[in-house]
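**Q** Residues 4 to 226 in this note's numbering are what the sequence shown lists, from first letter to last.
Mind looking over this structure? Questions follow.
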Amino acid sequence: MKKLLISAVLAGSLFAWGGMGMNKGNCNTNFTNILNQYPIQTLSSAEKQALTHMAEEEKLARDVYITLGKKWGFRVFLNIQKAEQQHMNMVDMLLKRYGMRINNLPVGEFHDKKVQKLYNNLVAMGSKSQIDALKVGATIEDLDIYDLEKYMAEADNKDMLFVFKNLTKGSRNHMRAFIRILKRYGGSYTPQYISQAEFDNIINSNIERGMIRWIKWRNMELV
């Protein structure tokens with residue numbers, strides 16, 4: 004069981020960023036180079052709200068995984084928290100581009116009171132048992148996918164869509180990792196945010212590799 008667990012975790016964490024088969028420095032450099040190719044466009048109020056919220060939500064994911072990783076010693080949390088840090092870095096690059104505030108608060112602290120309450124509740128839930136902890140991981144990725152898809156439907160800034168598309172892909176990979184391990188522990192998860200059909204499609208499909216560099220969105224080619 005231990006060998007299977009470690010193997011599954013490594014696969015999930017490797018491809019959470021994008022599975023590009025590169026070291027962390029190269030991933031960051033390639034991402035930055037591509038992001039800088041997109042123009043800086045005026046942000047709508049909806050886009051500003053989306054960026055602010057996703058900065059908090061990606062930090063929520065990282066902080067919960069840090070806390071539950073320490074609680075249970077699950078490598079899935081220890082590994083995916085590193086990918087969530089990458090996700091935070093991606094959103095922070097957008098915030099810097101548009102002169103917006105970056106969340107530099109300590110682990111477990113948030114500007115948004117609703118996110119703070121959600122963090123507290125998720126940590127409390129995940130502290131009950133190992134299965135509950137894995138369900139919390141799935142819940143966070145479920146919420147991430149739902150929110151990212153909602154915000155992308157309201158956005159048209161090319162750089163923002165580029166980042167959010169890659170964040171969504173990473174969350175799908177994280178969900179696959181959590182559900183795979185949850186099943187091995189005899190647990191199950193029912194989606195609370197995305198549809199059952201979308202959830203089934205995610206967990207029954209392969210890990211997604213590579214960074215999304217070209218995006219077609221609402222008949223627009225974002226390159």
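We put the CB at the ideal spot given by N, CA and C, even for glycine.
For R179, collect the residues of the same chain with a Cβ closer than 7 Å to its Cβ; drop the 5 residues on either side in sequence, then sort them by chain order.
**A** G15, I205, I206, I210
**Q** Quick one: complete alpha helix (DSSP H) runs, 4+ long, within the region 57-137?
**A** 78-100, 116-129
**Q** Would you call the CB atoms of H56 and L170 closer than 8 Å?
**A** If you check the CB distance, H56 and L170 do not come in under 8 Å.
**Q** Report the rounded CA-to-CA distance for R65 versus H114, giving the unit in angstroms.
**A** 15 Å
**Q** In the DSSP assignment, find the alpha helix (DSSP H) that holds N176 and state where it starts and stops.
**A** 161-187
**Q** Report, in whole angstroms, the separation of the C-beta atoms of L38 and N160, which I expect to be a contact under 8 Å.
**A** Not confirmed; about 12 Å, so no contact.
**Q** For P42, which residues from the same chain have a beta carbon less than 8 Å from its beta carbon, with the 5 sequence-adjacent residues on both sides left out?
**A** Counting only Cβ-Cβ distances below 8 Å, and skipping sequence neighbours, we find K161, D162.
**Q** Check each candidate in D135, D145, Y196, G213 and name the one with the smallest Cα separation from K186.
**A** D135
**Q** Under a three-way DSSP split, which group does G190 fall into?
**A** Note: G190 maps to coil in three-state DSSP.
**Q** By how many angstroms is the C-alpha of K99 removed from the C-alpha of L54?
**A** 11 Å
**Q** Please list, in chain order, all residues of the same chain as K74 whose beta carbon is under 8 Å from its beta carbon, the five residues on each side excluded.
**A** G129, S130, A136
**Q** Rounded to whole angstroms, what is the Cα-Cα separation between L125 and K62?
**A** 13 Å
**Q** Would the beta-carbon of D145 fall within 8 Å of that of E60?
**A** With respect to E60, D145 sits apart: the two C-beta atoms are not nearer than 8 Å.
**Q** Using CA coordinates, which residue listed in K51, N36, V110 is at the minimum distance from T70?
**A** V110
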